[in-house]
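Written below as structure tokens is the structure these notes are about.
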Amino acid sequence: MQHDDVIWGTLNNHFCSYKVKTVKQKFCRNKYNLTGLCEKKSCPLANSRYATIVENNDALYLFIKTAERAHSPRNLWERIKLSPNYRRALTQIDKHLEYWPKFQVHKAKQRLTKMTQYLIRKRRILLRSKTRLVGVKKKLERREESREKKAITAAKLETAIEKELLERLRSGAYGDIYNFAQDHYEKVLETEIGEEEEMEEELESGDEYEAEIEAESDDELDRDIEEAGPLAVSGDFDFDSHSDSEDDDIGGAGVDRDIGQDEVKDYVRKRARSRAKAGSDDALEKKRRKGRRLRNSRGGVRVEVEYEREADAEAQDH
Amino acid sequence: MPHEHPLPAPTNRIVRSTHFKKRRQVLKRQKSAARRARHAEEEALGDAAPPRREPTTIESSRVFDAETGAPLTREQALAITDEFTPVLAGDVRPRVVITTGLRPSDVSFDFVKALLPVLPKSIYFERLDASVAEFAASAAGKGYTDVVLVKEDRGALSTLTHVHLPEGPTAVYKLSSFVPNAKIKGRGRCTGHTPEVILNHFTTRLGLRVGRMLGSLFPHEPNFVGRQVATFHNQRDFIFFRFHRYVFTAERDRARLQELGPRFTLKLRALQKGVFMDPQKADHEFKWKTKTDIDRRRFFL
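In the order they appear, the protein sequences are chains A and B. Under the working numbering, the first residue of the first sequence is numbered 1, with each subsequent residue one higher. Under the working numbering, the first residue of the second sequence is numbered 1001, with each subsequent residue one higher.
Quick look at the structure:
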């Protein structure tokens, strides 16, 4: 016959293989233990009447043992499969543990709750895709890298893309975007060319400017050159030779730098015209080209300096 | 030309190497003599000369076997109807969600930043800790047509997963050689215009499927005013992505290109039926294996 008190006395005061002692309390590792604590009322060995919840293959069972079963270890536990429905499982416990100590019933229900929750968690984790670790294949990576390099060389990407775009253009994929009337395009071109020629003619004839240019004295022109000079900070401007010229009173590096761009441009324009008028045919052509360049250059301070030199050269010629 | 020994190779190493060198010189001389003769013949005969032999390239010696299938004819290619037909026919305008792998870093974000302006109507959503399937389901619920998921491993971009919604397929690519826009010399800035799409060299059934899938990321009505073109160029199963602005010369005989960026390279690893699943459970249309690449003349796309 078993005596619960005798068993508990032995296990508690002497040795129990399931007992784990910590500083503050004792735990029990017996798989049938309802609470996990080492104490008289939760000890599955020292209680001839005991009930617990056990999980097997994701199903929960209510295990019940009674004193009448103690003589046959094989039949020690009565196994009752609990419904997967939590509420129904609770009523099952209530039914089978009717008139049992409140502690047993309460702890069995608590254990059922805990185990139901971990089963739900387990299923959810299983559904989630897991990170799987795979080996790094260095040789494969190296091979792919070199093949990719060779493939990109063989691809001639820009050529292929260009070819495809031209093919699309030829097949008319772009509709009328690029098919504007050619004659209209040429007309626009002609008008632009015509305007340019007109301006050249103006330069050649230049009647209305002649008077102005003649009215200006050489000194004035020279002063204009002087004024323009210091602006050419980064140019080929030669300050030394320049300061030796006759109008030292104005020239040099210390002149007024507030000279307006418009004034400079005006000067350039006039100068170009006068020279276009003055030269022979060849020189005229050459100078006309120069003049056009000047006309086109906006705020072309560097060009000024070239002129200054040419002006000097001209002065020597005359 | 294989090296032929008239006699068994001498066992002495020095003799053997001398012998081999001499043999090689002879072969070299023969080769150059043949070349000279060919040139002389060409000069003498003029137009009547036999045509020059085409150089053998990997492309020209490509193997089409039962697994890869023969390249499709134009009629066959045009007759394809699949999940991407509505997009490619212009009935559906694609809306793309871009996201990252779990715990992304700047490596992924840089790629996402570069990709967002390229794909019209694309948007970035934070992945949080959703699985790919959950993420795709939620995107499909909001009416998006594609999910592009970029993943990094060991501090470098590794995988690009493209899920077509709502019913798949899912393509998994190896992602490599990403060059962000800032690293491209002389690049331009992309404008908001819908680009044209060029899909080059997708020949087999699988290749066309992948090409159509990639093409369906872009709306079918390009805005030609923007002169922007996105290219997926397949060469030896590597898919090169490039993004350019072009201009035709006045003579209409050249197209000048300015790269806008980014650049990256894809290599198909798997094509799954349906929305992304664990590779071990998934039903594959195509699955790359290490052994797949052993023959360097066999390509799948």
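Ideal Cβ placement from N, Cα and C applies to all residues, glycine included. Just so we're clear, the structure is a prediction, and the values are computed from it rather than from any experiment.
Item	Value
Leu-189(A), buried or exposed, once every other Cβ within 10 Å from all chains shown has been counted against 16	exposed
Closest residue to Asp-1091(B) among Ser-1061(B), Phe-1218(B), Gly-1101(B) (Cα-Cα distance)	Phe-1218(B)
Buried versus exposed, by CB contacts within 10 Å (16 or more), Thr-52(A)	buried
C-beta neighbour in chain B for Leu-119(A), strict 8 Å	no
Thr-10(A) versus Lys-40(A): straight-line alpha-carbon distance, rounded	11 Å
Interface residues of chain A facing Asn-1200(B) [CB-CB closer than 7 Å]	Ala-160, Glu-164
Contact list for Leu-157(A) against chain B, beta-carbon separation under 9 Å	Asn-1200, Thr-1231, His-1233, Gln-1235, Phe-1240, Arg-1242
Status (buried if at least 16 other CB within 10 Å, exposed otherwise) for Ala-1089(B)	exposed
Contacting residues, own chain, Cβ-Cβ under 8 Å from Asn-85(A) (five flanking each side not counted)	none
Whole-angstrom distance between Phe-1020(B) and Gly-1274(B), CA atom to CA atom	60 Å
For Leu-1175(B) and Ala-155(A), the rounded distance between their alpha carbons	18 Å
Within 8 Å, strictly: CB atoms of Arg-1242(B) and Ile-161(A)	yes
Ala-89(A) versus Phe-63(A): straight-line alpha-carbon distance, rounded	13 Å
Boundaries (first-last residue) of the beta strand (DSSP E) holding Ile-1123(B)	1122-1124
Counted within 10 angstroms of its Cβ, other Cβ atoms place Val-1197(B) as buried (16 or more) or exposed	buried
Boundaries (first-last residue) of the beta strand (DSSP E) holding Val-1148(B)	1146-1153
Residue environment, Gln-1228(B), which counts as buried when at least 16 other CB atoms sit within 10 Å	buried
Whole-angstrom distance between Asp-1293(B) and Val-1147(B), CA atom to CA atom	28 Å
Gly-1046(B) versus Glu-164(A): straight-line alpha-carbon distance, rounded	33 Å
Ala-108(A): first and last residue of the uninterrupted beta strand (DSSP E) it sits in	Premise fails: Ala-108(A) lies in the alpha helix (DSSP H), 102-127, not in any beta strand (DSSP E).
Burial state of Ser-335(A), where buried means 16 or more other Cβ atoms lie within 10 Å	Since the first residue shown for chain A is 1 and the last is 318, residue 335(A) is missing from the structure and cannot be characterised.
Proximal chain E residues relative to Tyr-1246(B), where beta-carbon distance stays under 7 Å	Absent here is chain E; the protein component of the structure consists of chains A and B.
Rounded C-alpha distance that separates Leu-1115(B) from Lys-1183(B)	15 Å
From Ile-1123(B), Pro-1071(B), Asp-1110(B), residue whose alpha carbon lies closest to that of Gly-1155(B)	Asp-1110(B)
Anticipated Cβ contact below 8 Å, Pro-1117(B) with Gln-1272(B), distance rounded	Not really, about 29 Å apart at Cβ, beyond 8 Å.
Bridge-paired residues (DSSP) for His-1233(B)	Asn-1200(B), Phe-1240(B)
Candidates Lys-95(A), Leu-140(A), Tyr-118(A), Gly-135(A): closest to Val-54(A) by CA position	Tyr-118(A)
Rounded Cβ spacing between Arg-1095(B) and Lys-1121(B) (contact assumed at less than 8 Å)	5 Å
For His-1201(B) and His-1162(B), believed in contact at Cβ under 8 Å, the rounded distance	At roughly 19 Å, the Cβ-Cβ gap does not stay under 8 Å, so His-1162(B) and His-1201(B) are not in contact.
Proximity test, Cβ basis, 8 Å: Glu-304(A) and chain B	No answer about Glu-304(A) holds up, because its pLDDT of 40 lies below 50 and its placement is not dependable.
Alpha-carbon spacing of Lys-1289(B) relative to Arg-1269(B), whole angstroms	8 Å
Ranges of the beta strand (DSSP E) found wholly within the stretch 1061-1147 of chain B, counting only runs of at least 3	1096-1100, 1122-1124
Touching by the beta-carbon criterion (3+ pairs, under 8 Å), the stretch 96-104 of chain A and the stretch 124-144 of chain A	no
8 Å Cβ cutoff met for Thr-1099(B) and Arg-1127(B)	yes
His-1284(B) - containing alpha helix (DSSP H), residue span	Careful: His-1284(B) lies outside any alpha helix (DSSP H), inside the beta strand (DSSP E) at 1284-1287.
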